[in-house]
Amino acid sequence: MKLVFTPNPQYIHKVLVVAHEAGVLDKIEFERQVPFDQDTGIWRYNPLGKVPAFVMDDGEPLYGGLVICEYLDSFNKTAPLFPRDESRWRALRQMVTGDGIFDATTLIRIESWRPKEDWHRDAMLRERRKIMGALDRLELDAKGWAANADIFHMGHVCTAGGLSYLELRNPITECGLEPGDADWEWREGRPALAEWFAEIVKRPSLAHVVDLPK
Ligand SMILES: N[C@@H](CCC(=O)N[C@@H](CS)C(=O)NCC(=O)O)C(=O)O
């Protein structure tokens, strides 16, 4: 099987975490594709032009990061990350919230590549609002996570992924859309999430540094 993505060891890739937890990391071949490169090969794998994309052993393509995660999780026979019990819907909501931080962050950054005078500020502010709202929602959720530290699911994977991407590329401090943004820090006012993140990044599947293609 092959994972097609833009490797960057400086943030937590949800697909790699799920593969690690499932014990199939060493069965995956990696291919680097940068979707915004002129000559990108991503279209060969995903008609929607996005990473991550994936090729299963039978050659069938998969895309949509969360779909790839669910596929990889199907190999996890000990502690699957997509709960099947009554905790499922909350975990999936948290999964989408964490992943949404990644999506909104990416969209602000893409817009910021244009000359500043051409920025579509209203659209950027809308994405900014999503990041703030998602962080506030996850702060509420993280209060429950502290009490159940032995439970680990897709909500945790995607929240850690979203936060670590925000640590690496912070469009709020970079773009300064609102007064005070230059000094913005997601941890401020979100102590439960900050404390949870500091601990969860030590988990082997999150701390593991994969030898990624350049
Ligand atoms: N949450 C989505 C994120 C996918 C995504 O937006 N990836 C960006 C990374 S830069 C991308 O490939 N963008 C290219 C595009 O939007 O055309 C997933 O996990 O599939």
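Numbered according to the numbering used here, the sequence shown terminates at residue 227, and the numbering increases by one at each position without gaps. Note that the Cβ used here is the ideal one computed from N, Cα and C, for glycine as well.
- Secondary structure at Leu75: strand, using DSSP grouped into helix, strand and coil.
- Annotation: Glu201 is outside any beta strand (DSSP E) and is labelled neither H nor E by DSSP.
- Scanning Asn183, Leu16, Glu180 and Phe165 for the CA closest to the CA of Leu75 turns up Leu16.
- Arg45 is bridged by DSSP to Phe18.
- Counting C-beta pairs closer than 8 Å gives three or more between the region 153-170 and the region 204-214, which meets the contact rule.
- By the neighbour-count definition (other C-beta atoms within 10 Å, threshold 16), Thr110 is a buried residue.
- Secondary structure note for Ala66: its beta strand (DSSP E) is the uninterrupted segment Ala66 to Val68.
- By a beta-carbon distance limit of 8 Å, Phe115 contacts Gly175. Their separation comes to about 5 Å.
- Going by C-alpha positions, Glu212 is about 33 Å away from Val68.
- Not one heavy atom of ligand 1 sits closer than 6 Å to the Cβ of Pro96.
- No Cβ-Cβ contact shorter than 7 Å links Pro217 with Pro20.
- Between ligand 1 and the CB of Gly62, the shortest heavy atom gap is smaller than 6 Å.
- Between Phe88 and the set Ile185, Ala32 and Glu191, the nearest pair of CA atoms involves Ala32.
- In the assembly as shown, Thr91 is an exposed residue. Its beta-carbon has fewer than 16 other beta-carbons within 10 Å.
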